[in-house]
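Residue numbers (my numbering): 1 to 410. The beta carbon of each residue, even a glycine, is placed where N, CA and C say it ideally should be. Owing to the predicted nature of the structure, the values given are computational and were not obtained by experimental measurement.
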Amino acid sequence: MFDIDKWQEIFATISKNRLRTFLTGFSVAWGIFMLIVLLGTGTGLENGVKQQFSRDAVNSLWFNGGKTANAYRGLQPGREIRFKNIDHDLIQTNTKQMESLSSRLNLWDINQVNYKNKYGTFSIRACNPGMVFSEKIDVLKGRFINELDVKESRKVACIGKLLVAELFADENPLGKEIQINGISFKVVGLFKDEGGENDMRRAYIPVSTAQKTFTGTDKVDQIVVTLTEADMENSTQTEAKIKELLANRHNFDPEDKKAIFVWNNMREYERIMGVITGIRIFVWIIGIGTLIAGIVGVSNIMMIVVKERTKEIGIRKALGATPWSIISLVLQESVFITAVSGYIGLLLGIGLLEFAKDFIPDSDFFRNPEVDIKIALYANVLLIVAGLLAGFFPARKAAAVQPIEALRAE
Numbered sequence: 001m002f003d004i005d006k007w008q009e010i011f012a013t014i015s016k017n018r019l020r021t022f023l024t025g026f027s028v029a030w031g032i033f034m035l036i037v038l039l040g041t042g043t044g045l046e047n048g049v050k051q052q053f054s055r056d057a058v059n060s061l062w063f064n065g066g067k068t069a070n071a072y073r074g075l076q077p078g079r080e081i082r083f084k085n086i087d088h089d090l091i092q093t094n095t096k097q098m099e100s101l102s103s104r105l106n107l108w109d110i111n112q113v114n115y116k117n118k119y120g121t122f123s124i125r126a127c128n129p130g131m132v133f134s135e136k137i138d139v140l141k142g143r144f145i146n147e148l149d150v151k152e153s154r155k156v157a158c159i160g161k162l163l164v165a166e167l168f169a170d171e172n173p174l175g176k177e178i179q180i181n182g183i184s185f186k187v188v189g190l191f192k193d194e195g196g197e198n199d200m201r202r203a204y205i206p207v208s209t210a211q212k213t214f215t216g217t218d219k220v221d222q223i224v225v226t227l228t229e230a231d232m233e234n235s236t237q238t239e240a241k242i243k244e245l246l247a248n249r250h251n252f253d254p255e256d257k258k259a260i261f262v263w264n265n266m267r268e269y270e271r272i273m274g275v276i277t278g279i280r281i282f283v284w285i286i287g288i289g290t291l292i293a294g295i296v297g298v299s300n301i302m303m304i305v306v307k308e309r310t311k312e313i314g315i316r317k318a319l320g321a322t323p324w325s326i327i328s329l330v331l332q333e334s335v336f337i338t339a340v341s342g343y344i345g346l347l348l349g350i351g352l353l354e355f356a357k358d359f360i361p362d363s364d365f366f367r368n369p370e371v372d373i374k375i376a377l378y379a380n381v382l383l384i385v386a387g388l389l390a391g392f393f394p395a396r397k398a399a400a401v402q403p404i405e406a407l408r409a410e
């Protein structure tokens, strides 16, 4: 039940000791402020990492050829390992845990694209149909490269949204002919890619077409595998199995780390998210530790308040005040100081994060710092509990005061 007399007494006590109350409340506000800011910063780091990994499928393995570092079966080190179409077929035949498979050929010198009288320099990638999964390509119109395109070496292309904007403006690109280094390709699809502007200034063509038209060889730069959901936890074993297949075909030591370079997106994602989790735990430890320091300060101040008002408490008890009325008075004052200070720190922390959103540009490593609404609610509950804890021991001491001893106190 609301007792206006108690609250008048609480405000009177606070007004008499403004500096002491301010410094005590500041320690609590600072603890909550630091907790909110650190948690928001941790979320910003996590969002940046997730955005970075959203460019490609998390369940993907990227195999790149290198140079052997070890002698093996009479062969000298320093041999260059370059993948061919047969490597793609070997993996396809012997690996069952795949969701998709694609070779990729980077045509660095093939970059001149034009439509009618409009010209531009764009990135050209040759691939198999499986690249749509590993690159997380979103086809907006038409279709992506298909198996028949690769089998028949068709001159077709699926082009990025920004390439369309520069060469076609408002014209529908589907079915139109573009020139890639003077060779005509029919546009069969339009896509967007969350990887960024560079990925949307790109055209994908069949790998077989690129080999026959531009390179004259059956070599490829990369082989990309995406795993099924059931096998994602076994990505390291699948990686080792594929590397062993390639080692047997190219005659290099399977333990040679420089013969083939493998980027295991799943393993790297788990490793970095593990670091983020560690940062979160560290943030909670620091934040709660700072908050506990503030709570101890509130408790000490309430101890001083009880000592200063010992004679008053004794008179109250002599006039018939119950122990609970004494305890509730101290607890209310403690909770009030803690809650108000904590809410101020909470609002300042959220305000700083909102300010950061507007003035700190998003990047691959930090974006959209924020605090989950659940965390804010938990913080509110924590403040109330902290106030009760801070006032409990002083309140218990106040309730234990004997009227005769209190009246003798100086």
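In angstroms with no decimal places, state the Cα-to-Cα distance between Val-275 and Glu-46. As a position in the sequence shown, residue 275 is number 275, starting the count at 1. As a position in the sequence shown, residue 46 is number 46, starting the count at 1. Whole-angstrom Cα-Cα distance: 10 Å.
Could you name the residues that DSSP lists as bridge partners for Glu-177? On the sequence shown, position 177 is the one that residue 177 refers to. Beta-bridge pairing links Glu-177 to Lys-186.
Quick check: what's the CA-CA separation for Asn-413 versus Val-371? The chain is shown from 1 up to 410; residue 413 falls before or after that span and cannot be answered.
Are the beta-carbon atoms of Met-131 and Phe-122 separated by less than 9 Å? Counting from 1 along the sequence shown, the entry for residue 131 is found at position 131. Counting from 1 along the sequence shown, the entry for residue 122 is found at position 122. Cβ atoms of Met-131 and Phe-122: not closer than 9 Å.
Got a sec? Which residues, its chain only, sit under 6 Å from Ile-205 by beta carbon, not counting five neighbours each side? Counting from one through the sequence shown, the residue named residue 205 turns up at place 205. Answer for Ile-205: Ala-126 and Ala-157, listed in chain order.
Buried or exposed (CB count within 10 angstroms, at least 16 for buried), Leu-19: Sequence index remark: in the sequence shown, residue 19 carries index 19 (1-based). Exposed is the call here.
Simplified DSSP assignment, three categories, for Val-275: The residue labelled residue 275 in the question sits at position 275 within the sequence shown. Val-275: helix per DSSP, three-state reduction.
Rounded to the nearest angstrom, what separates Thr-93 and Val-164 at their Cα positions? Position 93 of the sequence shown holds residue 93. Position 164 of the sequence shown holds residue 164. Roughly 37 Å between the two C-alpha positions.
Within 8 Å, do at least three Cβ pairs link the stretch 284 to 302 to the stretch 93 to 103? no
Taking its Cβ as the centre, do 16 or more other Cβ atoms sit within 10 Å of Thr-24, making it buried, or is it exposed? Here residue 24 corresponds to residue number 24 of the sequence shown, with the count starting at 1. Buried: at least 16 other Cβ atoms inside 10 Å.
With a threshold of 7 Å on Cβ separation, who are the neighbours of Val-283 within its own chain once the five nearest residues in sequence on each side are excluded? Counted from its first residue, the sequence shown places residue 283 at position 283. Same-chain partners within the cutoff: Leu-38, Leu-39 and Gly-42.
Using C-beta distances below 6 Å, list every residue in its chain close to Ala-386, excluding the 5 sequence neighbours before and after it, in chain order. For the purposes of this step, residue 386 is taken as residue 386 along the sequence shown, with counting starting at 1. The residues are Ile-295 and Thr-338.
Suppose contacts are defined by Cβ-Cβ distances below 9 Å. Is Val-28 in contact with Val-262 by that definition? Within the sequence shown, the letter at position 28 stands for residue 28. Within the sequence shown, the letter at position 262 stands for residue 262. No.
So for Ile-223, helix, strand or coil by DSSP? Within the sequence shown, the letter at position 223 stands for residue 223. Correct three-state label for Ile-223: strand.
For a test of the three-state rule: what should DSSP assign to Leu-107, helix, strand or coil? Residue numbering aside, residue 107 sits at position 107 when the sequence shown is read from its first letter. It is coil, neither helix nor strand.
Can you list, in chain order, the residues of its chain with a C-beta nearer than 6 Å to that of Ile-301? Leave out the 5 residues immediately preceding and following it. Indexing the sequence shown from 1 puts residue 301 at position 301. Here the set comprises Thr-24.
Roughly how many whole angstroms lie between the Cα atoms of Gly-160 and Leu-190? Here the question's residue 160 lines up with position 160 in the sequence shown. Here the question's residue 190 lines up with position 190 in the sequence shown. Near 6 Å, if we compare the C-alpha coordinates of Leu-190 and Gly-160.
Less than 6 Å between C-beta atoms, sequence neighbours within five positions excluded: which residues of the same chain meet that for Ser-325? Counting from 1 along the sequence shown, the entry for residue 325 is found at position 325. Excluding positions up to five away in sequence, the list is empty.
Span of the alpha helix (DSSP H) holding Ile-91? One-based indexing of the sequence shown puts residue 91 at position 91. Here the alpha helix (DSSP H) through Ile-91 covers 85 to 94.
Asn-114 - containing alpha helix (DSSP H), residue span: By 1-based counting over the sequence shown, the position of residue 114 is 114. No alpha helix (DSSP H) contains Asn-114, which is instead part of the beta strand (DSSP E) from 112 to 115.
How many Å lie between Asn-111 and Asn-59 at the Cα? As a first step, residue 111 is located in the sequence shown; it is residue number 111 there, counting from the start. As a first step, residue 59 is located in the sequence shown; it is residue number 59 there, counting from the start. Their backbone Cα atoms lie some 30 Å apart in a straight line.
For Ile-145, three-class secondary structure by DSSP: As a working note, residue 145 is residue 145 in the sequence shown. Reduced to three states, the DSSP call for Ile-145 is coil.
Just mark Ile-4 as buried or exposed, buried being the case when its beta carbon has 16 or more other beta carbons within 10 Å. For the purposes of this step, residue 4 is identified with residue 4 of the sequence shown, where counting begins at 1. Exposed, because fewer than 16 other Cβ atoms sit within 10 Å of the Cβ of Ile-4.
Separation of Ile-178 from Ile-124, as counted between CA atoms: In the sequence shown, the residue the question calls residue 124 occupies position 124. In the sequence shown, the residue the question calls residue 178 occupies position 178. Roughly 13 Å separates the two Cα atoms.
Counting only runs that start and end within the stretch 194 to 271, where is the alpha helix (DSSP H) found for 4 or more residues in a row? 197 to 200, 207 to 210 and 235 to 250
The stretch 229 to 247 in contact with the stretch 61 to 68 per 3-pair CB rule at 8 Å: yes
What separation, rounded to the nearest whole angstrom, lies between the Cα atoms of Asn-128 and Tyr-378? Taking the sequence shown and counting its residues from 1, the one referred to as residue 128 is at position 128. Taking the sequence shown and counting its residues from 1, the one referred to as residue 378 is at position 378. Cα-Cα distance, rounded: 50 Å.
Could you pull out every residue in the same chain whose Cβ sits closer than 8 Å to the Cβ of Arg-249, ignoring the five residues on either side in sequence? Indexing the sequence shown from 1 puts residue 249 at position 249. Cβ within range, chain order: Ile-86, Asp-87 and Leu-90.
So, with DSSP's three-state summary, where would you put Glu-99? Within the sequence shown, the letter at position 99 stands for residue 99. Strand.
Pull up the distance between the alpha-carbon of Arg-79 and that of Lys-212, whole angstroms please. Residue mapping note: residue 79 aligns to position 79 of the sequence shown, counting from 1. Residue mapping note: residue 212 aligns to position 212 of the sequence shown, counting from 1. The alpha-carbon atoms of Arg-79 and Lys-212 are separated by roughly 26 Å.
On the DSSP bridge assignment, give the partners of Glu-80 in chain order. If you number the sequence shown from 1, residue 80 lands on position 80. DSSP output for Glu-80 lists Lys-67 as bridge partner(s).
Taking the alpha helix (DSSP H) that Ala-165 belongs to, which residues open and close that run? Your numbering for residue 165 matches position 165 in the sequence shown. It spans 161 to 167 - the alpha helix (DSSP H) in which Ala-165 sits, taken as one unbroken run.
Would a C-beta distance cut-off of 9 Å place Lys-141 and Leu-174 closer than the cut-off? Position 141 of the sequence shown, counting from 1, holds the residue named residue 141. Position 174 of the sequence shown, counting from 1, holds the residue named residue 174. Taking 9 Å as the Cβ cut-off, Lys-141 and Leu-174 qualify as a contacting pair.
For the alpha helix (DSSP H) containing Ser-134, list its first residue and its last residue. The residue you call residue 134 lines up with position 134 of the sequence shown. Ser-134 -> alpha helix (DSSP H) spans 131 to 134.
By Cβ distance below 8 Å, which residues in the same chain neighbour Ser-21 in space, the five residues on each side in sequence not counted? By 1-based counting over the sequence shown, the position of residue 21 is 21. The residue asked about is misnamed: residue 21 is Thr in this sequence, not Ser. For Thr-21, where only same-chain residues beyond five positions count, the Cβ hits under 8 Å are Ile-14, Ile-301 and Ile-337.
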